[in-house]
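Asks:
Residue numbers (UniProt numbering): 1 to 983.
1. Tell me where the beta strand (DSSP E) around residue 134 begins and ends.
2. Where residue 825 and residue 940 are concerned, what is the direct C-alpha to C-alpha distance, given to the nearest angstrom?
3. Leaving out the 5 sequence neighbours to the left and right, which residues in its chain are closer than 6 Å to residue 155 when beta-carbon positions are compared?
4. Starting from residue 177 and walking both ways along the beta strand (DSSP E), at which residues does that stretch end?
5. Would you be able to state if there are at least three C-beta pairs under 8 Å between the region 765 to 776 and the region 269 to 279?
6. Quick check for students: name the residue ranges of the beta strand (DSSP E) that lie wholly in the region 7 to 84, counting only runs of 3 or more.
7. Less than 7 Å between the C-beta atoms of residue 992 and residue 923, yes or no?
8. Skipping 5 residues on each side, what residues in its chain have a beta carbon closer than 7 Å to that of residue 415?
9. For residue 192, I'd like the list of residues in its chain whose CB is within less than 6 Å of its CB, leaving aside the five on either flank, ordered along the chain.
10. Where DSSP assigns a beta bridge to residue 144, which residues make up the other side?
11. Output yes or no for whether 7 Å exceeds the beta carbon distance between residue 266 and residue 11.
12. Classify residue 274 as helix, strand or coil using the three-state DSSP reduction.
13. On the DSSP bridge list, what partners appear for residue 150?
14. Can you give me the C-alpha to C-alpha distance between residue 685 and residue 472, rounded to a whole angstrom?
15. According to DSSP, is residue 427 part of a helix, a strand, or is it coil?
16. Along the chain, where does the beta strand (DSSP E) that runs through residue 822 open and close?
17. Would a C-beta distance cut-off of 7 Å place residue 407 and residue 123 closer than the cut-off?
18. Please identify the residue among 63, 214, 209, 158 whose C-alpha is closest to the C-alpha of residue 32.
19. Between the beta-carbon of residue 302 and the beta-carbon of residue 294, is there less than 7 Å?
20. Can you tell me whether residue 834 is buried or exposed, with buried defined as 16 or more other CB within 10 angstroms of its CB?
21. Could you work out which residue in 925, 952, 935 is closest to residue 230 when comparing CA atoms only?
22. Please list, in chain order, all residues of the same chain as residue 242 whose beta carbon is under 6 Å from its beta carbon, the five residues on each side excluded.
23. If we count Cβ pairs, one from each stretch, closer than 8 Å, do we get three or more for the region 207 to 223 versus the region 21 to 30?
24. Considering only the beta carbon of each residue, do residue 189 and residue 183 sit closer than 7 Å?
25. Given this structure, state the Cα-to-Cα distance separating residue 727 from residue 822, to the nearest angstrom.
26. Can you find the residues in the same chain that come closer than 7 Å, C-beta to C-beta, to residue 13, ignoring five residues on each side of it along the sequence?
27. Smallest Cα separation from residue 857: which of 884, 791, 898?
28. What's the C-alpha gap between residue 714 and residue 424?
29. Who are the Cβ neighbours of residue 18 in its own chain at under 7 Å, not counting the five residues just before and after it?
30. Rounded to whole angstroms, what's the CA-CA distance from residue 30 to residue 327? Just pull it up for me.
31. Nearest by alpha-carbon distance to residue 808: which of 83, 27, 34, 288 is it?
32. Taking residue 469 as the reference, which of 436, 428, 697, 251 has the closest Cα?
33. Write down every uninterrupted run of the alpha helix (DSSP H) in the region 871 to 955 whose length is 4 residues or greater and which is fully enclosed by it, in chain order.
34. Starting from residue 736 and walking both ways along the beta strand (DSSP E), at which residues does that stretch end?
35. Quick check: residue 874 and residue 930, are their CB atoms within less than 7 Å of each other?
36. Identify whether residue 437 lies in helix, strand or coil by the three-state DSSP scheme.
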């Protein structure tokens, strides 16, 4: 049991169990990084507010936009290729698996063609909006399969797929880094210790730390939103393997020193743990405090550095416990196959630098100052916020991005969108006019290529919606009206002349005669009607009488016959009576007269009898005609009555005409007067319209000609509805204005322009009816602007917090305020100088004129947090030698000579570990690696100079010559050159 305890077997068991648990509990790290590792801005910044409004604009959907790019390498797009692009677009629209929200293509309308087809007609873009709840990689792959077109180069790009590809490249870079770092550390440890076991055990202990800390961090991120980034795993690798190897070198070196003294393995392990472990604990605590201080940062991306603090904490526990098992168990065999246990504890370089500084302090410090000035004050650090530059050009999304940059305005790869959210609908005349005015205002801003909105869907003005065009139509109409007035005046003049020449008196006289004739006509017609009535009554009586006569003619004929016979008998009788009375003279004359009358009667009756038959025949004809007349009498009466009625109406009309003619004569006189007045009035109208026309033309040419006016009917027209749908939400309470800049959307130049546009837009909105509307600018440039503001602001805040934390830790370790300030100052100058050198190297070697935006931050925390180790190594040795070397100058020289080897070895290992980031093909990682490597080189050469000068100036001596002699004497007794046989 005692042996079990001395060998620290329990530590092995515990850490082995923790490794197994960590592996079992490890989440899907790549997916976790994609879900939670992207740069997240606070919800209060403008771009995030715009994203919130955009979600409402899309009906509550979280969406992303991908850009399908079609490009022909040689020549322009042919008609056939254009049709193929349309077919591919339709194929995307109709794919149910993509859950398309919207597709905007050049073939939609003239406005989209102008926006999405390149000027050289070699490239077309299709904007595809899809839900962001699905994986962007799957969506991209499906779209790529849909848009493959023979003879065309096709790509899918956009912010989301670029970020996803960046995560993929970072993962691949991490794998390269892990392999390269492990091989490099293995080789360096073999060279340092000439042992095969040391590298294996060192990598094993650091690997255990890495796996456990990675599992802790990722599970915290998955369950409790612990901050992580794309770089969390990478920096865990380089930091833990870098400083872990350094700490192991320090621990193994002290263990080897104790073994050389003949100590037992368990005793040597405890001694190494007590002395080297204290240095490791102090140094690691400073690193831990430095990274833990990042928890106070506001920017989540910066807070992700706290993961390294978790890793350092686990690393310290593993190194100071698990190493105890290997050292206690293996003992001297730990350094197999090397049998030479002499420590390489003397550094000629540091000895030389420290000694020369102590002798020529002002010269050495002056040289450092002269060397530092160009690095500190030459040039300025403009940062690159374009995440696309992080990717190699071989990535398809980056290739598509490059095609857009080559064939479209620079800002087309990430247009800026201005969102305006109002409480009331915006599709009114007043609000549309305000939106158009804002569109024109934005278009006039410096650096803006074009602006599209609901009133300018194609990015250009619609002339018919502006007063200049409308006034032109009005002035043209007024000109035509003037011409019409002249014709009317001519006609009025002619009419007046004709009226003046007309003989109205004669016309009225004729009308009066006509009126008299009409009166007579009416009287005659009435008489005619009455006569016809009498006539028809007579005809009726005639018809009745003729029928009676006709029926009596036979009786008449019979009676006449009887009368004739009777008259003959009478005549005979008279003759007889005469003969009988012939003797009577008195009767004779009478009888003669009677006989004569009887003869006349008989003759008359004979004639009457002969006329009865013809009379009867005529009477029958009269009866027949009377019947016919009687049958037509009704029509005749009706006609007579109509004539009478008509004549009455004619008479009434003529009388009215007569009256009106008399009135007309008066009115014509008034009309003549009126025509004269009308002509005069039209002269005044012509003069007025000419004045108005002139005024309108002046207005047309003035600034008012640019005023937007849209008739209410046009707003609801079918031709304007597509524009409303494209630039307004369904409830018409949110509108967007798309702004394309002349510069790359991810550059500082674009970010500065967005700040200017934001300031100007807010000022402009105050004077409009939309002053109470919510306005936010979204898009890549807006995100870059917000990112720049937050990153820069929080960077300085984080730097202060980190430096204060490390400074306090240094004061505890060194027990000196001066030493702590000196070390902090050295690290700051080293950081600034290495950053400037990295910029030069990046420009000449990587052809990148700017550092990425996160390079300064990561470089600072890595260089300062890790570089402080070497200062602690030196000062801990300086404090440890206080009892044996009271002379501070001699002590600092001795400490530099001994620790120099450790620091140089540690710097080589740490630098090599960071150098493993260079093959990652990620620009940020490459630049951070270069900065750290350059910083380590600067520290290796400046640290012994600065600390030696600090000690000399902090503890001055009056008798320098005596001190020099003492140093020379001690140098002879204790040579600083490496001696294998020296303790």
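Glycine included, each C-beta is placed from N, C-alpha and C at the ideal position.
Replies: In terms of the structure at hand:
1. That residue, residue 134, is in no beta strand (DSSP E); it is neither H nor E in DSSP.
2. If I take the Cα positions, the gap works out to 15 Å.
3. Hits under 6 Å: 69, 396, 399, 400.
4. Note, residue 177: premise wrong, no beta strand (DSSP E); alpha helix (DSSP H) at 159 to 193.
5. They do not touch, by the three-pair rule.
6. Taking only runs of at least 3 residues, the beta strand (DSSP E) segments lying wholly in the region 7 to 84 are 63 to 71.
7. The requested residue 992 does not occur in the structure, where the chain is confined to residues 1 to 983.
8. Take residue 415, set aside five residues on each side of it, and the residues of its chain with a beta-carbon closer than 7 Å to its own are 738, 739, 740, 779, in chain order.
9. So the qualifying residues of the chain are 905.
10. Partner(s): none; residue 144 has no beta bridge.
11. The beta carbons of residue 266 and residue 11 sit no closer together than 7 Å.
12. It is helical.
13. The partner list for residue 150 (beta bridge, DSSP) is empty, contrary to what the question assumes.
14. In this model, residue 685 and residue 472 are separated by some 20 Å (Cα to Cα).
15. Residue 427 falls in the coil class under three-state DSSP.
16. Judged by DSSP secondary structure, residue 822 falls outside any beta strand (DSSP E) and instead within the alpha helix (DSSP H) spanning 817 to 841.
17. Contact annotation: residue 407 and residue 123 have beta-carbon atoms nearer than 7 Å.
18. Distance check between residue 32 and each of 63, 214, 209, 158 places 214 closest, using alpha-carbon atoms only.
19. Yes, they are a contact pair.
20. Buried.
21. Ranking 925, 952, 935 by Cα distance to residue 230 puts 925 first.
22. Excluding positions up to five away in sequence, the list reads 910, 913.
23. Touching, yes.
24. The answer is no: Cβ separation not under 7 Å.
25. The straight-line gap separating the alpha-carbon atoms of residue 727 and residue 822 is approximately 60 Å.
26. If we look at residue 13 and ignore the five residues flanking it on each side, it has no Cβ neighbours.
27. Of the listed residues, the one whose Cα sits closest to residue 857 is 791.
28. Those two C-alpha atoms are separated by around 20 Å.
29. The beta carbon of residue 18 sits closer than 7 Å to those of 212, all from its chain and outside the five residues before and after it, given in chain order.
30. Rounded to whole angstroms, residue 30 to residue 327 spans 37 Å at the Cα level.
31. Residue nearest to residue 808 within the set 83, 27, 34, 288 is 288 (criterion: CA-CA distance).
32. Check the Cα spacing between residue 469 and each of 436, 428, 697, 251: the tightest is with 697.
33. Counting only runs of 4 or more, we get 888 to 915, 923 to 954.
34. Its beta strand (DSSP E) spans residues 734 to 741.
35. No; because the gap between Cβ atoms is not below 7 Å, this pair is not in contact.
36. Residue state, collapsed to three classes: helix.
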